[in-house]
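4 is the number of the first residue of the sequence shown in the numbering used here; add one for each residue after it.
In this text, a Cβ means the ideal position worked out from N, Cα and C, and glycines have one as well.
It should be emphasised that the depicted structure is a prediction, and the values quoted were computed from it without experimental measurement.
Notes follow once the structure below has been shown.
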Amino acid sequence: MSSTNMQIGMCFDRTFPPGLVVELARSLEDAGAGMLWVIEDCFYTAGVSLAAAALTATERLAVGIGILPALARNPAVTAMELATLAGLAPGRVLPGIGHGVQAWMAQMGARPASPLTALEEVFVAVRRLLAGAKVTTHGRYVDLDDVQLDQPPQQPLPVLAGVRGPRSLALAGRVADGLVLAEPTSASYVRWSLQQAGRDPGDFHVAAFDVLCVAADRREAYRTMAPWLATMLDQPTAGMTALPFYDDLAARYAQQGLDGLVTMPTQWWTELAPVGTMDDAAEHLQALEDAGVRSVGLYPRPTTDLARAQVADIAALAAR
């Protein structure tokens, strides 16, 4: 297997206590992993403050933010926050902005009638502000008058779009610097997403989220992750339907339930996620890199003790 040039790291689960972010960030850096992704979901922990804590606690670790809902903050404030992070840790910040879950946006009075228009206006404004421009715009959702950052980033700061659907991916191809693809991320899903965005991975940063579960016996890992896969099949996203064997997988699950998932072909699991043996996980990650992925955030098992233990697995995969 060829060595990977991707940044490989951990996702900080939205349910983890905020104070754990410093410990995990330092552990990942000390172990040789390249990245930590902090997750902002309403109404859990906040991405910008978690990112600031992780960046100031480390010296080399890159920190991604996945993702900031477009209208949860005024775009001028979003740009200020990102520029401040970039000033704290130049070259180590990789933010994502997306629609946000629309039900959550409705709860906080920030659900737009046109999520696509809102996302485009926010992206254009934030990227121009980060580039140091003085911005005046009077759009449907973004209204700025002679706004300019006092301290824009000293080097270009890519802003990725955390989106899923074909129309949103096409928009991302026009206004963003890359994509954040939510789990499950397969090589098939990466290729499909880039096609929808109309972009080549050479000049478009693709970041991918995945769930991680490795064991000496791959069947043990499959048994652990079968309930998770069942939830994915119960409410399939584009990441599922892009799988070349999706119809067969859905039929197998309908007929055999969890047992059918545990016993499905190894190559299906390996395409789907870094689940199985360490070699299986490495093969999955290599396929992602070959498809154009530059950054990977791996979700650990959802307890703090398991997450601590999986730092070593993530570092071992990064070393490959």
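is_contact[Val104, chain B] using C-beta, thresh 8 Å: In the structure shown, chain B cannot be found, because there is only a single protein chain.
Enclosing beta strand (DSSP E) for Ala164 [first to last residue]: 163-165
Backbone secondary structure at Thr139 - three-state DSSP: strand
Exposure of Val41, with buried meaning 16 or more beta-carbon neighbours within 10 Å: buried
Beta-carbon proximity check, Ala294 vs His287, cutoff 8 Å: no
Buried or exposed by the 16-neighbour rule on C-beta atoms within 10 Å, applied to Thr188: buried
Limits of the beta strand (DSSP E) - the one that Leu147 falls within: 146-150
Delimiting residues of the beta strand (DSSP E) encompassing Ala211: 208-214
Beta carbon of Ala113 nearer than 8 Å to that of Tyr192: no
Same chain, Cβ closer than 7 Å to Ala173, five either side skipped, listed in chain order: Gln199, Ala200, Gly201
Given Val80 as reference, the closest of Leu119, Arg95, Arg130 once Cα atoms are compared: When each option's Cα is compared against that of Val80, the closest is Arg130.
Gly263: first and last residue of the uninterrupted beta strand (DSSP E) it sits in: Per DSSP, Gly263 belongs to no beta strand (DSSP E); it is in the alpha helix (DSSP H), 249-265.
Arg130: first and last residue of the uninterrupted alpha helix (DSSP H) it sits in: In the DSSP annotation of this structure, the continuous segment of the alpha helix (DSSP H) that includes Arg130 starts and ends at 118-133.
Span of the alpha helix (DSSP H) around Arg297: First-last for Arg297: 296-302, but that is the beta strand (DSSP E), not the alpha helix (DSSP H).
Simplified DSSP state of Val104, which is helix, strand or coil: coil
Residue from Phe212, Leu197, Asp251 with nearest C-alpha to Asp206: Leu197
Sequence-distant residues of its chain with Cβ nearer than 6 Å to Val24 (five each side left out): Phe15, Leu53, Ala56, Ala57
The stretch 306-323 contacting the stretch 257-276, beta-carbon criterion three pairs below 8 Å: Counting Cβ pairs under 8 Å, fewer than three are found: no touch.
Local conformation of Met235 per DSSP, three classes: helix
Separation of Thr273 from Val314, as counted between CA atoms: 21 Å
C-alpha gap between Ser5 and Val209, whole angstroms: Legend: pLDDT at Ser5 = 36, less than 50; position of this residue unreliable, no value from coordinates given.
Helix, strand or coil at Ala65 [DSSP, three-state]: strand
The stretch 80-99 contacting the stretch 120-136, beta-carbon criterion three pairs below 8 Å: yes
Cross-strand partners of Gly279 (DSSP beta bridge): Val217
Alpha carbon of Pro161 to alpha carbon of Val150, nearest angstrom: 20 Å
DSSP state of Met228 mapped onto helix, strand, coil: helix
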